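Colleague: Handing you a structure now.
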Amino acid sequence: MLVKVGLFLTDKIRLANKSVRYITITSEGGYMNASKTHYKVAAVQAAPEFLDLDKGVDKAIRLIKEAADNGASLIAFPEVYLPGYPWWIWLGSPAWGMQFVQRYVENSLDLKSEQFERLCKAAATHRIHVVMGYSERSFGTLYLGQAIIDDNGKVIGTRRKLKPTHAERTVYGEGNGSDLKVFNSQLGRIGALCCAEHVQPLSKFAMYSQHEQLHIASWPSFSVYRGGAYQLSAEANCAATQVYALEGQAFVISACAIVSKDMLNVLIDTPDKGNLLQDGGGFAMIYGPDGAPLCEPLGEHEEGILYADVDLGAISVAKAALDPVGHYSRPDVLRLLFNDQPTPCVEAFNPAPVGTDAPVAEPQADEPDARLISE
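Under full-length UniProt numbering, the first residue of the sequence shown carries the number 1, and numbering increases by one thereafter.
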């Protein structure tokens, strides 16, 4: 028996006596159903208010207002813009870096906090969608987080970076499959990833398969190990961001922070460290669904906001040539096995009666595009 699921056919599969859960994307949320199909988007290139959450929120709200005043319908912020990226992890030993830990935790963002509420109110006041990058504080663990807030101040969705990169694992916990999700909005289907998630082929394909139309790529700055680690360079990672637009046929809003001299004054205590991290590093950009840059870049030391016009209809033109999750796919040869379920540390154990299958849960109210398929 074959069960049609989304863009592919799959044999009846069972893992550990449980039906595999697949996502099926319905017609809802396509650009023909978006309330706006032509609008302006904005990408932030700016230094954070380093290790100061309240000042960081103040600055973010000023940028939100500026983008709205310039006619933008969405503004995207860099990775962990609040309260800034923990650059010390690349500069010295974990023991040396412990001096920053308490301050960083105390200035990370709690999603139930007054500071987060202020961001939501700013989105509503200025009638603009906001995609914010932040260090999320959840009890004793930090996560690399992103939130998508609509122009009514409603949180459309939040996510956590699936796997922190290299030294980031000394600071942040991991996300799970539920964090690879594309959300419906008035502007179309919006998704987001952080930094080197853009060089994770399977994570990218999971996002493409949900028919993403607007993608936010959040970066922290390209200021570390210059000339010594090409993988971390602006050239390599801007190319990865551009390829995301080309592969996924999505508009990509790439927001990028800057390392300021004030940040260097906090982080650099020896000449050697000064050689490892430099100021600047801003390389924000906006790409069309064919991969083409849609605006002129700022200088790498320059703070500002980039703008570009979006026409969701251009996605159809790009997909006419390339659609790797549609007519240009070969699911009979290659398929992605994607577990999109949350993985809590504690889960209630309610065994089914002997000889019966456990009941399958219904989709959650905030997952209109998720469907459970089982026998």
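Heads up, the beta-carbon is just placed ideally off N, CA and C, and yes, glycines get one too.
Here the structure is a predicted model, which is why all the values come from computation and not from measurement.
Report the three-state DSSP secondary structure of P293 (helix, strand or coil).
Modeller: In the structure shown, P293 sits in a strand (DSSP, three-state: E or B).
Colleague: In this structure, what does DSSP give as the bridge partners for H129?
Modeller: L74
Colleague: Answer yes or no: the CB of P78 versus the heavy atoms of the ligand MG, is any distance below 8 Å?
Modeller: Judged by which ligands are present, the structure shown has none, so any question about the ligand MG falls away.
Colleague: According to DSSP, simplified to helix, strand and coil, what is E136?
Modeller: E136: strand per DSSP, three-state reduction.
Colleague: Alpha carbons only, please: which of D54, L63, A206 is nearest the one belonging to A255?
Modeller: Looking at D54, L63, A206, the one whose alpha-carbon comes closest to that of A255 is L63.
Colleague: Pick from F349, E212, Q200: whose alpha carbon is nearest that of N237?
Modeller: Taking only the C-alpha atoms, the option nearest N237 is Q200.
Colleague: Output the boundary residues of the beta strand (DSSP E) element that contains S185.
Modeller: 183-185
Colleague: Contact between the region 86-98 and the region 114-123: three or more CB pairs below 8 Å?
Modeller: no
Colleague: Kindly provide the ranges of any beta strand (DSSP E) runs that are 3 or more residues long and lie completely inside the region 229-292, ordered along the chain.
Modeller: 251-257, 285-287
Colleague: Can you look up Y104 in the DSSP assignment and give me helix, strand or coil?
Modeller: helix
Colleague: Just list the residues that DSSP pairs W219 with in beta bridges.
Modeller: DSSP output for W219 lists C256 as bridge partner(s).
Colleague: By Cβ distance, which residues of its chain are closer than 6 Å to G191, with the 5 residues on each side in sequence left out?
Modeller: For G191, where only same-chain residues beyond five positions count, the Cβ hits under 6 Å are V182, M207, E212, H215.
Colleague: Measuring straight from C-alpha to C-alpha, what distance separates E347 and L334?
Modeller: 33 Å
Colleague: Who are the Cβ neighbours of G282 in its own chain at under 6 Å, not counting the five residues just before and after it?
Modeller: These residues qualify, in order along the chain: Q45, C256, I258, E300.
Colleague: Are the CB atoms of R127 and A42 nearer to each other than 9 Å?
Modeller: no
Colleague: Skipping 5 residues on each side, what residues in its chain have a beta carbon closer than 8 Å to that of D311?
Modeller: T37, H38
Colleague: Could you say which of N339, Y134, I75 lies nearest to D309 if we only look at CA atoms?
Modeller: I75
Colleague: Do W87 and S223 have their C-beta atoms closer together than 9 Å?
Modeller: yes
Colleague: Once the 5 residues before and after V80 are set aside, which same chain residues still bring their CB inside 7 Å of it?
Modeller: Cβ within range, chain order: G133, Y134, S135, L144, P220.
Colleague: Which residue or residues does DSSP assign as beta-bridge partners of residue 380?
Modeller: Since the first residue shown for the chain is 1 and the last is 375, residue 380 is missing from the structure and cannot be characterised.
Colleague: Does DSSP put Y81 in a helix, in a strand, or in coil?
Modeller: coil
Colleague: Can you check whether the CB of A72 is closer than 9 Å to the CB of Y307?
Modeller: yes
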